[in-house]
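Asks:
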Amino acid sequence: MVTTPTPPATPPVAGPIGLAGARSPALDVPLRYMLAGVTFFVAAYAAAELFAPAFLSSAFLIPALLIVTHLAALGWFTMVAMGALFQLVPVVLEVPLFSERLAKLQFYVYLAGVLGLIFEMGWGSPGLLAASAGCLVVAVGLFLYNMSRTLPAVRHWPITGWYIQAALVYLGLLVLAGFTLALNLQFRFLPVGQLAFIRAHAHLGALGWLSMLLMGVSYKLTPMFALTHPFDEWRLGRPIFVLMQLLIVALFVSLLAGAGAAILAPIGLFAVAVAGLFACDYATMVRRRRRRPIDLTMKHNMVSVGSLVAAALLGTALLLVPAGPETHNRLILAYAYVGLGGWVGFAIVGQLYKILPFLVWTQRFGPKMGRERVPLLRDMYPLRLAELGFWLLFAALLLTPPSIAFGWLIGIRAGFGLGLAGAAIASFNLWRVVFR
Amino acid sequence: MIPETLIREALKNVYDPELGVNIVDLGLVYDIRQDDGRVQIEMTLTTPGCPLHESMFEGTKAALSMFKEIEDVDVRLVWEPPWTPDMMTKEGREQLGFYE
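First to last, the protein sequences are chains A and B.
Using numbering that gives the first Met the number 0, the first residue of the first sequence is number 0, and each one after it goes up by one.
Using numbering that gives the first Met the number 0, the first residue of the second sequence is number 0, and each one after it goes up by one.
This is how it looks when you write it as structure tokens:
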């Protein structure tokens with residue numbers, strides 16, 4: 000398991016210029032993941048709009064909800080996360096990727112797995128389920144192998160590196176848990192309820208894999224882009240790291256064991272405290288920024304961090320406030336939307352508006368630097384359109400969860416419609432960057 | 000020998016594409032030395048692991064290629080002293096909309 004992070008003993012040493020640039024992978028390695036991810040982003044919202052009545056259902060394991068959640072979790076979040084790591088690990092941790100060829104091969108295996116799984120969920124084909132799940136396990140295995148061969152060469156571990164390391168460990172556990180869950184659906188050999196297992200699995204993915212990654216990346220990118228100074232990312236970054244491990248393990252075990260509100264409510268309050276602590280640290284990064292304008296990425300991240308706290312509060316309230324089974328189930332879906340669509344979704348869109356233009360800029364305009372006037376990163380896409388996309392997604396975030404909670408179908412349709420429009424704009428903008 | 004002011008002026012053609020401020024006004028250029036047609040630039044980055052390092056270094060070399068007297072440019076990356084926003088020039092701060 001992951002140990003307590005410690006700051007590097009010495010500052011990074013100066014290096015010869017040529018070596019520094021050689022660490023970045025070829026542009027097409029991360030790009031294919033990111034572009035596929037933003038396409039799945041639109042597909043997830045389109046499916047949500049199409050299957051909007053399913054969000055009023057009292058059952059979770061229905062094809063419509065499974066399609067939407069897997070399009071988002073596997074196609075959108077995890078696809079982009081893996082692409083971002085192929086870029087960020089070499090650059091931030093200053094170590095070359097073990098194998099670019101493996102990363103390219105992995106993409107096709109993973110894509111086949113995601114598409115197969117979605118098709119199976121919609122049209123039912125047991126043989127395809129096994130093949131798709133196999134593809135996903137192999138693809139994530141390749142990813143973790145590539146990372147495990149890359150990371151030992153890291154000499155100085157920034158706080159971001161510790162979070163990334165932990166996220167990768169949880170991704171491995173997530174796949175193992177998912178595989179066990181699939182087997183248990185078939186053979187029923189574990190003495191735990193299927194729904195309890197699914198809840199534990201979903202929280203492992205959302206907190207262990209995605210949240211650890213987003214928090215870690217935030218500790219690097221937010222101060223860097225906002226010119227935050229002074230800021231010691233270790234001061235709260237380290238205790239938050241430790242608290243997150245306790246939270247993830249406690250929540251996973253308790254959910255798996257089917258624990259009641261007496262055990263889960265204190266864990267929920269603990270989650271609120273950890274989320275609040277991270278929000279405080281993020282607020283410090285924003286408050287101490289030297290760069291005055293609040294740019295598009297920061298706007299997305301502010302909504303994202305606010306959603307993290309809101310999701311923790313909502314999740315805890317679910318345990319404490321009495322509600323009938325139908326209302327309770329709808330509240331769970333609203334909670335999931337705030338957590339995934341708000342916290343994870345906004346963070347990913349915001350960071351992509353930095354990372355993707357940078358990748359393309361480096362390839363296309365970097366060699367022209369110093370010789371001729373080259374565009375700025377913010378010139379790589381139409382800013383006004385991007386702002387419109389942000390506000391549409393924000394409106395969707397405000398409208399959809401209460402509509403789900405109160406069972407208001409028109410509001411759900413309108414919310415997902417706004418989300419679809421926002422996702423389409425973000426996707427269009429990010430695709431357009433590639434052809435700039 | 001080329002006056003250092005001219006070299007600094009040429010280096011203003013190299014800028015951080017994210018911030019929109021050139022490397023001189025950002026305060027990234029720590030030292031410039033000249034020796035018999037060879038120029039050594041000592042510079043830093045806003046943060047270790049800055050994703051734009053290669054473009055900035057290559058841009059620095061390209062910007063100085065306009066001087067016929069310069070035969071070779073050696074750009075050295077240093078981390079001491081660590082860069083802080085206080086190292087920016089007044090012009091740089093103004094361009095960035097700087098919090099004092």
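Even glycine gets a Cβ: it sits at the ideal position worked out from N, Cα and C.
As the structure is a computational prediction, the values presented were derived from the model and not from experiment.
(1) Please classify F434 of chain A as buried or exposed, where buried requires at least 16 other C-beta atoms within 10 Å of its C-beta.
(2) What's the call for S131 of chain A, buried or exposed, on a 16-neighbour Cβ count within 10 Å?
(3) In this structure, does DSSP put Y380 of chain A in helix, strand or coil?
(4) Counting only Cβ-Cβ distances shorter than 8 Å, please list the residues of the region 209–243 of chain A near chain B, keeping chain order.
(5) Measure from the alpha carbon of A129 of chain A to the alpha carbon of each residue in A:L182, A:R100 and A:R237, then state which is nearest.
(6) Would you report the Cα separation of T227 of chain A and G344 of chain A, rounded to the nearest angstrom?
(7) Considering only the beta carbon of each residue, do R37 of chain B and V23 of chain B sit closer than 7 Å?
(8) Give the straight-line distance between the Cα atoms of R291 of chain A and F76 of chain A, rounded to the nearest whole angstrom.
(9) Along the chain, which unbroken stretches of the alpha helix (DSSP H) at least 4 residues long are found entirely within the region 276–330 of chain A?
(10) Under the assumption that L63 of chain B contacts I69 of chain B (Cβ atoms under 8 Å), give the Cβ distance between them as a whole number of angstroms.
(11) Touching or not, the region 114–124 of chain A and the region 153–161 of chain A, by the rule of three or more beta carbon pairs under 8 Å?
(12) Measuring alpha carbon to alpha carbon, tell me which residue in A:L397, A:L206, A:A322 and A:G257 is nearest V273 of chain A.
(13) Out of curiosity, what's the CA-to-CA distance linking M55 of chain B and I247 of chain A?
(14) Quick check: the Cα distance between A322 of chain A and L143 of chain A, rounded to an integer number of angstroms?
(15) Check whether the Cβ atoms of E48 of chain A and F415 of chain A lie closer than 7 Å to each other.
(16) Under 8 Å, with one C-beta from each stretch per pair, do the region 30–48 of chain A and the region 90–99 of chain A reach the 3-pair mark?
(17) Is it buried or exposed for K353 of chain A, if we count other Cβ within 10 angstroms and need 16 for buried?
(18) Output, in chain order, the set of chain A residues within a Cβ distance shorter than 7 Å of E17 of chain B.
(19) Please report the straight-line C-alpha distance between Q86 of chain A and A256 of chain A, rounded to a whole angstrom.
(20) Could you have a look at T43 of chain B and say whether DSSP puts it in helix, strand or coil?
(21) What residue does the beta strand (DSSP E) around R431 of chain A start on, and which one ends it?
(22) For chain A, check one thing: does any of its Cβ atoms lie closer than 7 Å to the Cβ of V28 of chain B?
(23) Can you find a CB in chain B that lies within less than 7 Å of the CB of W360 of chain A?
(24) Pairs of beta-carbons, one from the region 280–289 of chain A and one from the region 192–212 of chain A, closer than 8 Å: are there three or more?
(25) Sort A:L384, A:R288 and A:F405 by Cα distance to A420 of chain A and report the nearest one.
(26) Hey, is the region 400–411 of chain A in contact with the region 333–343 of chain A, meaning 3+ C-beta pairs nearer than 8 Å?
(27) Which stretch, first to last residue, makes up the alpha helix (DSSP H) that contains D27 of chain A?
(28) From the beta carbon of G160 of chain A, is the nearest beta carbon of chain B less than 7 Å away?
(29) Answer with buried or exposed for I411 of chain A, where buried requires no fewer than 16 other C-beta atoms within 10 angstroms of its C-beta.
(30) Per DSSP, Q33 of chain B is paired with what?
(31) First and last residue of the alpha helix (DSSP H) that includes V191 of chain A?
(32) Where does T5 of chain A sit, in a helix, a strand or coil, going by DSSP?
(33) Count the C-beta pairs between the region 262–270 of chain A and the region 237–254 of chain A that are closer than 8 Å, then say yes if the count reaches three, no if not.
(34) According to DSSP, is R237 of chain A helix, strand or coil?
(35) From the DSSP output, in three-state form, read off L76 of chain B for me.
(36) Answer yes or no: does any C-beta atom of chain B fall closer than 7 Å to that of G421 of chain A?
Replies: Short version:
(1) Classification for F434 of chain A: exposed.
(2) Flag for S131 of chain A reads buried.
(3) Here Y380 of chain A sits in coil by DSSP.
(4) So the close ones are K219, P222, M223, F224, L226, H228 and P229.
(5) Put simply, of A:L182, A:R100 and A:R237 the residue whose alpha carbon is nearest the alpha carbon of A129 of chain A is A:L182.
(6) Rounded to whole angstroms, T227 of chain A and G344 of chain A show a C-alpha spacing of 24 Å.
(7) Going by C-beta atoms, R37 of chain B is not nearer than 7 Å to V23 of chain B.
(8) Using only the alpha carbons, I get a separation of about 30 Å.
(9) 295–319, all fully within the region 276–330 of chain A.
(10) Taking a contact as a CB-CB distance under 8 Å, the pair L63 of chain B and I69 of chain B counts as one, their CB atoms being some 5 Å apart.
(11) Output reads no: the region 153–161 of chain A does not touch the region 114–124 of chain A.
(12) Nearest option by C-alpha distance: A:L206.
(13) The straight-line gap from Cα to Cα measures roughly 41 Å.
(14) Their Cα atoms are separated by approximately 42 Å.
(15) One thing to note: E48 of chain A has its Cβ within 7 Å of the Cβ of F415 of chain A.
(16) In this structure the region 30–48 of chain A does not lie against the region 90–99 of chain A, because fewer than three pairs of beta carbons, one per stretch, are closer than 8 Å.
(17) Result: buried.
(18) Against E17 of chain B, the close residues of chain A are F224 and L376, in the order they occur along the chain (beta-carbon pairs closer than 7 Å).
(19) Those two C-alpha atoms are separated by around 38 Å.
(20) Correct three-state label for T43 of chain B: coil.
(21) Under the DSSP assignment, R431 of chain A falls outside any beta strand (DSSP E), being part of the alpha helix (DSSP H) whose first and last residues are L408 to V433.
(22) So no, V28 of chain B is outside the interface.
(23) Closer than 7 Å to some Cβ of chain B, the Cβ of W360 of chain A qualifies, so yes.
(24) Contact between the region 280–289 of chain A and the region 192–212 of chain A is absent: fewer than 3 CB-CB pairs across the two stretches fall below 8 Å.
(25) Of A:L384, A:R288 and A:F405, the residue nearest in Cα terms is A:L384.
(26) When Cβ pairs closer than 8 Å are counted between the two stretches, the region 400–411 of chain A is seen to touch the region 333–343 of chain A, the count reaching three or more.
(27) Looking at the DSSP string, the run of the alpha helix (DSSP H) that includes D27 of chain A is D27 to L49.
(28) No, G160 of chain A does not count as interfacial toward chain B.
(29) It counts as buried.
(30) DSSP lists B:V38 as partners of Q33 of chain B.
(31) It is not in any alpha helix (DSSP H) - V191 of chain A carries neither H nor E in the DSSP assignment.
(32) In the structure shown, T5 of chain A sits in coil (DSSP, three-state: anything other than H, G, I, E or B).
(33) Contact annotation: the region 262–270 of chain A touches the region 237–254 of chain A, with at least three C-beta pairs closer than 8 Å.
(34) DSSP places R237 of chain A within a helical segment (H, G or I) once states are collapsed to three.
(35) DSSP places L76 of chain B within a strand segment (E or B) once states are collapsed to three.
(36) Chain B contact via Cβ: absent.
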